[in-house]
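Participant:
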Amino acid sequence: MYLLNKNQGILLATFIMLFLSFLAFTAEAKREATKKDTHPMVTEQDKLMPCHECHKTSTPRVYQEWFESVHGIGNVKCYQCHGTFENMQRVPDVNRCAVCHAEAFGHSENKPCWQCHKAHRFQVSK
Amino acid sequence: MLTRREFIKRSAALTAASFVGMNLPFQLDKAFAETEADKWVRGTCRLCGTGCRVDLGLKNGKPVVIRGVADSRTNLGYLCMKGMLFYKVMGHSDRLKRPLYRAQKTEKFKEISWDQALDIAAKAFAKAIQTHGNDSVAYYGSGQAQTEETYLFQKVFRAGLRTNNVEGNPRLCMASAAAGYMTSFGADEPIGGYSNIEKARCFFIIGSNMAEAHPVVFRRVMRRKLDNPKEVTVINVDPRISPTSRIADMHVQFRPGTDLALLNAMAHVIIEEKLYDEAFIKDYAVFKKQGEKGPENVDFEAYKAFSADYTPEKASKICGGNVTPDLIRKVARAFAQSGATVSMWTMGLNQRLHGVWANNLVHNLHILTGQLCKPGADSLSLTGQPNACGGVREAGGLCHLLPGHRLVENEKHRSRVEELWGVPAGRIPPKPGLHTVAMFQAVNEGKVKAIWINCTSPAQSLPNMEPYRKGMAREDVFVMVSDIFPTRTTELANLILPAAFHFEKTGVYGCTERRSQLTPKAVNPPGEAKPEVWMVREWALRLAKELNDPVIAKCVEPFVGLKEDYDLPKAIWTEYSQKITADQDNDLRGATYEVLAKMPDGVQWPAPTEEFALKGGTVTKFLRGADPMADKEAKDDKPYQFYGRPDRKLYVWLRPYKPAAEEPDAEYPMYLSTGRIIDHWHTSSMTGRIPELMRANPYAFVEINPKDAQKMGIAPNDMVEVESRRGKCVLPAKVYEGPIEGMVFVYWHDMAEERMINKVTKDAFDAISKEPEFKICACRIRRLSGPQALKPFVVTM
Chain A
0 MYLLNKNQGI LLATFIMLFL SFLAFTAEAK REATKKDTHP MVTEQDKLMP
50 CHECHKTSTP RVYQEWFESV HGIGNVKCYQ CHGTFENMQR VPDVNRCAVC
100 HAEAFGHSEN KPCWQCHKAH RFQVSK
Chain B
0 MLTRREFIKR SAALTAASFV GMNLPFQLDK AFAETEADKW VRGTCRLCGT
50 GCRVDLGLKN GKPVVIRGVA DSRTNLGYLC MKGMLFYKVM GHSDRLKRPL
100 YRAQKTEKFK EISWDQALDI AAKAFAKAIQ THGNDSVAYY GSGQAQTEET
150 YLFQKVFRAG LRTNNVEGNP RLCMASAAAG YMTSFGADEP IGGYSNIEKA
200 RCFFIIGSNM AEAHPVVFRR VMRRKLDNPK EVTVINVDPR ISPTSRIADM
250 HVQFRPGTDL ALLNAMAHVI IEEKLYDEAF IKDYAVFKKQ GEKGPENVDF
300 EAYKAFSADY TPEKASKICG GNVTPDLIRK VARAFAQSGA TVSMWTMGLN
350 QRLHGVWANN LVHNLHILTG QLCKPGADSL SLTGQPNACG GVREAGGLCH
400 LLPGHRLVEN EKHRSRVEEL WGVPAGRIPP KPGLHTVAMF QAVNEGKVKA
450 IWINCTSPAQ SLPNMEPYRK GMAREDVFVM VSDIFPTRTT ELANLILPAA
500 FHFEKTGVYG CTERRSQLTP KAVNPPGEAK PEVWMVREWA LRLAKELNDP
550 VIAKCVEPFV GLKEDYDLPK AIWTEYSQKI TADQDNDLRG ATYEVLAKMP
600 DGVQWPAPTE EFALKGGTVT KFLRGADPMA DKEAKDDKPY QFYGRPDRKL
650 YVWLRPYKPA AEEPDAEYPM YLSTGRIIDH WHTSSMTGRI PELMRANPYA
700 FVEINPKDAQ KMGIAPNDMV EVESRRGKCV LPAKVYEGPI EGMVFVYWHD
750 MAEERMINKV TKDAFDAISK EPEFKICACR IRRLSGPQAL KPFVVTM
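Protein chains in written order, with numbering that gives the first Met the number 0: chain A, 0 to 125; chain B, 0 to 796.
#1: If you run the structure through DSSP and keep just helix, strand and coil, what is Arg514 (chain B)?
#2: Taking 8 Å as the threshold (beta carbon to beta carbon), is Ser784 (chain B) in contact with chain A?
#3: Considering His250 (chain B), what are the terminal residues of the beta strand (DSSP E) in which it resides?
#4: With three or more beta-carbon pairs closer than 8 Å as the criterion, would you say the region 736-755 of chain B touches the region 621-639 of chain B?
#5: Relative to the alpha-carbon of Asp36 (chain A), which residue among A:Glu52, A:Glu85 and A:Val61 has its alpha-carbon at the smallest distance?
#6: If we define contact as Cβ-Cβ less than 8 Å, is Tyr62 (chain A) a contact residue for chain B?
#7: Please list the partners that Met80 (chain B) has in chain A, where partner means a Cβ-to-Cβ separation under 9 Å.
#8: Considering only C-alpha positions, which residue in the set B:Cys778, B:Asp600, B:Ala629 and B:Arg351 is nearest to Gln583 (chain B)?
#9: May I have the straight-line CA-CA distance separating Arg222 (chain B) from Gly191 (chain B), to the nearest angstrom?
#10: Tell me, please, whether the CB atom of Cys99 (chain A) is closer than 8 Å to any CB atom in chain B?
#11: Got a sec: is the Cβ-Cβ distance from Pro59 (chain A) to anything in chain B below 8 Å?
#12: Give the list of continuous alpha helix (DSSP H) stretches no shorter than 4 residues that lie fully inside the region 553-610 of chain B.
#13: In the DSSP assignment, find the beta strand (DSSP E) that holds Trp652 (chain B) and state where it starts and stops.
#14: Using DSSP with H/G/I as helix, E/B as strand and the rest coil, what is Trp451 (chain B)?
#15: Thinking just about the alpha-carbon of each residue, which of B:Pro519, B:Ile571, B:Val729 and B:Tyr667 is nearest to the one in Met802 (chain B)?
#16: Please report the straight-line C-alpha distance between Ala278 (chain B) and Lys448 (chain B), rounded to a whole angstrom.
#17: Would you mind reading off the limits of the beta strand (DSSP E) that contains Gln289 (chain B)?
#18: To the nearest angstrom, how far is the alpha carbon of Val69 (chain A) from that of Cys53 (chain A)?
#19: When you compare the CB of Glu102 (chain A) with every CB in chain B, is at least one pair closer than 8 Å?
#20: Distance check for Lys154 (chain B) and Pro833 (chain B), CA to CA, integer angstroms please.
#21: Mapping the DSSP letters down to three states, classify Arg814 (chain B) as helix, strand or coil.
#22: Which first and last residues belong to the alpha helix (DSSP H) in which Asn363 (chain B) is found?
#23: Between the Cα of Pro238 (chain B) and those of B:Asn704, B:Lys104, B:Pro524 and B:Ser768, spot the shortest distance and give me the residue it belongs to.
#24: Taking the continuous beta strand (DSSP E) assigned at Gly509 (chain B), which residues delimit it?
#25: Decide yes or no for the touch test of the region 72-85 of chain B against the region 469-482 of chain B: beta carbon pairs closer than 8 Å, at least 3 of them.
#26: Are the C-beta atoms of Val69 (chain A) and some chain B residue less than 8 Å apart?
#27: For Arg388 (chain B) versus Gly509 (chain B), is the C-beta distance shorter than 8 Å?
#28: Using a Cβ cut-off of 9 Å, which residues of the region 47-73 of chain B contact any Cβ in chain A, in chain order?
#29: Check the Cβ of Arg218 (chain B) against every Cβ in chain A and list those closer than 7 Å, keeping chain order.
#30: Work out the CA separation of Phe156 (chain B) and Asp134 (chain B) for me, nearest whole Å.
#31: Taking only three categories from DSSP, how would you classify Lys38 (chain B)?
#32: Can you check which of these residues, B:Thr105, B:Gly643, B:Asn547 and B:Phe203, is closest to Gln370 (chain B) by C-alpha distance?
#33: Give me the residue from B:Gln787, B:Ser768, B:Pro791 and B:Gly785 with the minimum Cα distance to Leu348 (chain B).
#34: So what does Arg779 (chain B) bridge to, in DSSP terms?
#35: Excluding the 5 residues flanking Glu574 (chain B) on each side, which residues of the same chain have their C-beta closer than 7 Å to its C-beta?
#36: Alpha helix (DSSP H) containing Ser52 (chain B): first to last residue?
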């Protein structure tokens, strides 16, 4: 049986710890990613309610901002930016903004739209 | 997870009845794939009449995304949810892919070849004509068919089959607007267009929930109002408070149908307070009343005497709701004194027993105040469907119309069209055909023996639909349907022809503002689906043989052998635009396929030359210097030349208030009105298959005023029966301050058997336009139970 000397043991232990940390980080990252784009579990029947009906109470500030915004008045609904349950994005891909705002793309480089136009308020600037 | 109680509580303001164990009517697995496009193809939105321009994004030849076109003067880049998602219709697993046939309607469909299908279709129509005469066959089309399609259908039916039984679903939505323009201005379709929105200082929105039915036009009105909150006044006139009301300074809520009194009372105020434009009236207006033998001239004094009867005090009593004499005066002043008022309306005025009168009364206000042809001023009918104007009103898609804004009953018009088509004189019958309700009544009676229904579902969309469903189910009536999906109408068909969808074929749509726009083929249709123009051509050639009539073949002769992807529709458009519209008011000679392909947003007619069309065409009709026809037809040096009539006059009509065909009574004490919701389109055969849209509004509900709900013990989400003398539906209740007290409202998209509201509506129609009164009938409601299990539904094969 091949035995490790002390230094080799420390090195191996460090490597294992780093590897486990990496795995843990990856798992967390995956969980984050999952959380990011997955709606909390609701029943199929709940899924047939307009998003804003629940979000009136679950995220009242977001709802109120949206309702008072040009998107709210103009009937631009939650799913148009965030998708529905199967393709939901908590933070929408900026390409979804491009459906209506393609001409505005490129006027600020490397910044998502909502960095200046606050999400759910959609004013010209924050 | 929400508890059931929380769920019910949260959905109290809207509706969503609880259910368990449901199967969604759409597949979720592949429906959401989104990816970056590697190619973009420019065309027009498939849905409403706004005419939004879109770029369809393709990845490896498959549609993956839609974006609005910022350069387009219709939508300025914006889209609604239907516009951004309709690409999901293409490639849907429910698409009809092969012709289907059954000899008896009780049998199951069998797949057959196109050769077999066209032979069966030709023999069925030939047999009907040989046995029962030319008027035993009919075409029922759509404001969603492309212009090339409607034009070719009506050409073959009128000149080939010698029947004017050519109708379409625009009879159900725009006929009153068309007749309103004809009777008031002498020419169909709006004088101005959307460009007035950004110049308007007053919006008079009546009978239109444009926030949901025309969201992208509404966005422009909203933007105008939000940017100029003090300078711009928005007036919303509707028995129902709707999302459109959110931007309104004044909401006028009245008893359904009484807007005729309201509009006359506004005219009363305008006269009483001398808010009219005397010079404009003197130069351009005459006054008319309907006499026993036809229209009669009267003078301004007679009109003043007529409107004197409609005092705000009297009108407010007729109108009910929140209508006070003071509110009428405020509205009339805002309308007259803005100097730039745009009126907008849709089905609230059109789908009425006196729909043409309602249109006339809005036009009256514009004529009296001289608010036409000026920046920011227009009497703008919003069109429901994407090609009701371009295809049906302009290209001869109704029983009384010939292409190029001509009339069947006008001998010169018939002769001219026959000459242009190269068919023998007298080939087009002089009598208009059957309008929609009469056509389906003739089906009920077995007088129409063979009917081709294209791109529409009358089995769901006709008012008082049940008798008409029974008629279409008759075994002695051959029903042929061309469509992309199974519908309530394909359920009654003998023969189903699978059609190519938008962007799967090439063609032109003409939207609300006289604007024609080209959509080219971008993807192949699924299976063996074909463009309708190909179907008509091949069918006509077979019919010519069956009936031994070379004139039928002559109708399609210029198009024989052309490829259906592009060359065939182009040749049809070329014949129509270059020959048929030449020197007509909808002159489209400049709008060639080549020009249309270059324009980001098409061309507004009149556009007699390519040079003019390349500048966009005519923004304001009748305006000298802007409309080439106005310059050409000018009879004097006045700035406006209303060339629709030889006398160059606009007509102010004396139209009294008359009640609806069926007013509430002791037995049926409530009004029923129907309409649209933003996430769906028409009979939901398309939007019901797009998961995001179906999920957003999975089933119809009945909107009930809280006071009525309280009286009847109805709580939100309770199951409620809505019943009229014709039929009943069972729907969940949405209790909110929307409809006026005494009125309920149901949207008509849902195709579930128990929720199709056209079982309840009435098929009374306007005497002039023949458009049915979907918007008003009497009903009663009663609570059946608490919330029940419901299931979203679309028809499948």
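Just so you know, even glycine gets a beta-carbon here, dropped at the ideal spot from N, CA and C.
Facilitator: Reading off the structure:
#1: strand
#2: no
#3: Met249 to Val251
#4: no
#5: A:Glu85
#6: no
#7: Asn74, Val75, Lys76, Tyr78 and Gln79
#8: B:Ala629
#9: 19 Å
#10: yes
#11: Cβ-Cβ to chain B under 8 Å: no for Pro59 (chain A).
#12: With a minimum length of 4 residues, the continuous alpha helix (DSSP H) runs that stay inside the region 553-610 of chain B are 566-573 and 592-597.
#13: Leu649 to Leu653
#14: Reduced to three states, the DSSP call for Trp451 (chain B) is strand.
#15: Coverage of chain B is limited to positions 0 through 796, which leaves residue 802 (chain B) absent and any answer about it impossible.
#16: 56 Å
#17: Ala284 to Gly290
#18: Cα to Cα, Val69 (chain A) sits roughly 20 Å from Cys53 (chain A).
#19: yes
#20: The question about residue 833 (chain B) has no answer, for chain B in this structure spans 0 to 796.
#21: Because chain B here runs from 0 to 796, residue 814 (chain B) falls outside it and cannot be looked at.
#22: Gly354 to Leu367
#23: If you compare the alpha carbons of B:Asn704, B:Lys104, B:Pro524 and B:Ser768 with that of Pro238 (chain B), the shortest gap goes to B:Asn704.
#24: Gly506 to Gly509
#25: no
#26: Chain B, which has a Cβ nearer than 8 Å to the Cβ of Val69 (chain A), makes this yes.
#27: The amino acid occupying residue 388 (chain B) in the given sequence is Cys; Arg does not appear at that position. Going by C-beta atoms, Cys388 (chain B) is nearer than 8 Å to Gly509 (chain B).
#28: Asp54, Val64, Ile65, Arg66, Gly67, Val68, Ala69 and Asp70
#29: Gly73
#30: 10 Å
#31: strand
#32: Answer by Cα proximity: B:Phe203.
#33: B:Ser768
#34: Looking at the DSSP assignment, Arg779 (chain B) forms a beta bridge with B:Glu722.
#35: Pro557
#36: Just to set this straight, residue 52 (chain B) is Arg in the shown sequence, not Ser. From DSSP, Arg52 (chain B) is part of no alpha helix (DSSP H) but of the beta strand (DSSP E) over Arg52 to Lys58.
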